[in-house]
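In UniProt numbering, the protein residues as written are 1 to 77. For every residue, glycine included, the Cβ atom is placed at its ideal position computed from N, Cα and C. Notes for the one structure printed next.
See the structure below:
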């Protein structure tokens with residue numbers, strides 16, 4: 001688990017590949033406050049056929065961008 005969390009921290013997003021619900025995948029990215037503490041997360045979910053493996057990086061980038069925008073708003077930037 002620690003190794004997986006380190007990967008998530010380094011890449012900036014997490015991926016749930018049917019870990020909780022069959023045929024459902026999720027991508028999430030953290031939202032930070034001005035102290036760089038995680039205060040929320042933004043995520044997307046979809047059934048497996050809607051989120052093909054080759055699209056995961058594109059979706060992850062979009063989720064990280066949205067989380068970054070939210071972090072900026074929280075920091076007053």
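Beta-bridge partners assigned by DSSP to residue 32: 38. Of the residues 65, 35, 7, the one whose Cα lies closest to the Cα of residue 44 is 65. The criterion of a C-beta distance shorter than 8 Å is satisfied by residue 29 and residue 12.
In the three-state reduction of the DSSP assignment, residue 12 falls in the coil class, being assigned neither a helical nor a strand state. Under the DSSP assignment, residue 72 falls in the alpha helix (DSSP H) whose first and last residues are 56–75.
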